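To start, the structure under review is shown below, and the notes come after it.
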DNA sequence: TCCGTATTGAACT
DNA sequence: AGTTCAATACGGA
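In the working numbering, the protein residues as written are 20 to 183.
Rendered as structure tokens:
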């Protein structure tokens, strides 16, 4: 069974991001380039609950894009395996402007050897930016990869004041 | 069960 | 210093 998400666009100076909400929280976020947007504007009823989340999510997103640390995050409804959720949870513990290597993340979840699996989980991350998969660099401080495009990763890091 | 992965560290040019 | 290679954990087909 496929979960249906409530899709809400977020206009920023960098383009229109798409957020998707489930009954439990923010479930997905897409970069502007994905042409997932511009759909037959399904103006369904947006529960007040979700409007509240969206307000927080939008503020958090714009803060990050502006190079400032968000004060607050909306609840996240991460759909994935236990391992993935574990990784994503670890990612959220990385503070703004800080970077970690895949190896360190692996160590943080008590699987020091699962470095590549961590990479896989990052790639499967449904919520970039808010779940800071872009703050993960390879051990030799190289850029690695990024789902939404490497330009985004570099740009986001630069805005956080990270140099490499 | 086999294959690919957003890695890593060591061995080899 | 750049490159190749095997190992490793996990998810998808």
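Beta carbons are placed, not taken as given, at the ideal position from N, Cα and C, and that holds for glycine.
All values reported here derive from a predicted model rather than from experimental measurement.
Would you say residue i and residue j are within 8 Å of each other, going by their C-beta atoms?
| i | j | result |
| --- | --- | --- |
| residue 143 | residue 99 | yes |
| residue 181 | residue 48 | no |
| residue 46 | residue 145 | yes |
| residue 75 | residue 50 | no |
| residue 173 | residue 162 | yes |
| residue 96 | residue 44 | yes |
| residue 86 | residue 178 | yes |
| residue 183 | residue 175 | no |
| residue 110 | residue 69 | no |
| residue 37 | residue 73 | no |
Assuming residue i and residue j make a contact with CB atoms under 8 Å, what is their CB distance in whole Å?
| i | j | result |
| --- | --- | --- |
| residue 124 | residue 106 | 7 Å |
| residue 78 | residue 66 | No, residue 78 and residue 66 are not in contact; Cβ-Cβ is about 19 Å, not under 8 Å. |
| residue 84 | residue 120 | In fact, because the Cβ distance is near 25 Å, the residues do not count as touching under 8 Å. |
| residue 136 | residue 102 | 7 Å |
| residue 31 | residue 81 | 6 Å |
Between which two residues does the alpha helix (DSSP H) harbouring residue i extend?
| i | result |
| --- | --- |
| residue 124 | 121-127 |
| residue 102 | 101-111 |
| residue 82 | 67-84 |
| residue 172 | 169-178 |
What first and last residue would you give for the beta strand (DSSP E) that runs through residue i?
| i | result |
| --- | --- |
| residue 143 | First-last for residue 143: undefined, no H or E at that position. |
| residue 154 | That residue, residue 154, is in no beta strand (DSSP E); it is neither H nor E in DSSP. |
Which ranges does the beta strand (DSSP E) cover as unbroken runs of at least 3 residues, wholly within the stretch 32-56, from first to last along the chain? 34-40 and 45-49
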